[in-house]
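As structure tokens, the structure follows; a few thoughts come after it.
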Amino acid sequence: MAKLIELRPPLSDQKIKPLNAGDIVSLSGTIVTARDKAYARALDLLRSGKKLPIDMRNGVVYHCGPLVKKTPRGPKIVSAGPTTSARLDDMQIDFVRLSGVKALIGKSGVREDVASELARSGCVYLAFTGGAGVLASRSIKRVKKILWRDLGPIEGLWVLDVKKFGPLVVAIDIHGGNLYLRR
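Mapping of the sequence shown onto the working numbering: position 53 corresponds to residue 53, and the numbering continues sequentially without gaps.
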């Protein structure tokens, strides 16, 4: 069985350079969820020279729209499964370049041209199993903040503190390794 590699964001080039397609990792620290509407808003801001409400440089973005339960202690995420990353492909390259993100988490991969640009930009793609939203939610220790609430609970940015989030498979590494291209 492959050794589990534990990563702690922020992720430097030094932390992700040793990763190879096929490695198994977990994350402990801060991750941010983002989907279609959040990507579009982020790109509008970044392209116009404005800052995001959270610094994503060297960060981790999870393609996810969490399901949330209101509790007396605040929102509790009960399911946090990945969304299909390819739906963001038309925005992915600019988002990674302009935000400085070092890792994306999602399911089903990205187009080949996007994968190549992620590698060139120093960003890895980590695959999470679809249908495992409850498993993912167990690794979420707390909701640090919710940004862009006007986009709705699924599309807003959720800033999460996670512990041993995974297992995640390095599906696209920065050396050109891509599990989705293996035949």
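C-beta atoms are modelled at their ideal positions from N, C-alpha and C, and glycine is treated no differently.
Notebook entry, point to check: Do the segment 54-70 and the segment 89-106 meet, that is, are 3 or more Cβ pairs less than 8 Å apart?
Noted result: Yes, the segment 54-70 is in contact with the segment 89-106.
Check: Using CA coordinates, which residue listed in 132, 104, 156 is at the minimum distance from residue 10?
Finding: On the sequence shown, position 10 is the one that residue 10 refers to. Ranking 132, 104, 156 by Cα distance to residue 10 puts 104 first.
Note to self: To the nearest angstrom, how far is the alpha carbon of residue 38 from that of residue 166?
What the structure shows: Reading the sequence shown from its first residue, position 38 is the one you call residue 38. Reading the sequence shown from its first residue, position 166 is the one you call residue 166. So the two alpha carbons sit approximately 23 Å from each other.
Notebook entry, point to check: At a cut of 8 Å, does the segment 161-179 reach the segment 12-19 through at least three beta carbon pairs?
Noted result: yes
Next item on the list: Report buried or exposed for residue 41, applying the criterion of at least 16 other Cβ atoms within 10 angstroms of its Cβ.
Entry: Indexing the sequence shown from 1 puts residue 41 at position 41. Under this definition residue 41 is a buried residue.
Check: For residue 136, which residues from the same chain have a beta carbon less than 8 Å from its beta carbon, with the 5 sequence-adjacent residues on both sides left out?
Finding: What you label residue 136 is simply residue 136 of the sequence shown in a count that begins at 1. These residues qualify, in order along the chain: 64, 79, 80, 81, 82, 128, 165.
Next item on the list: With a floor of 3 residues, list each beta strand (DSSP E) that falls wholly inside the segment 124-163, ordered by position along the chain.
Entry: 124-127, 140-147
Margin query: Going by beta-carbon coordinates alone, are residue 160 and residue 30 separated by less than 8 Å?
Written below: Taking the sequence shown and counting its residues from 1, the one referred to as residue 160 is at position 160. Taking the sequence shown and counting its residues from 1, the one referred to as residue 30 is at position 30. For residue 160 and residue 30, yes; Cβs fall inside 8 Å.
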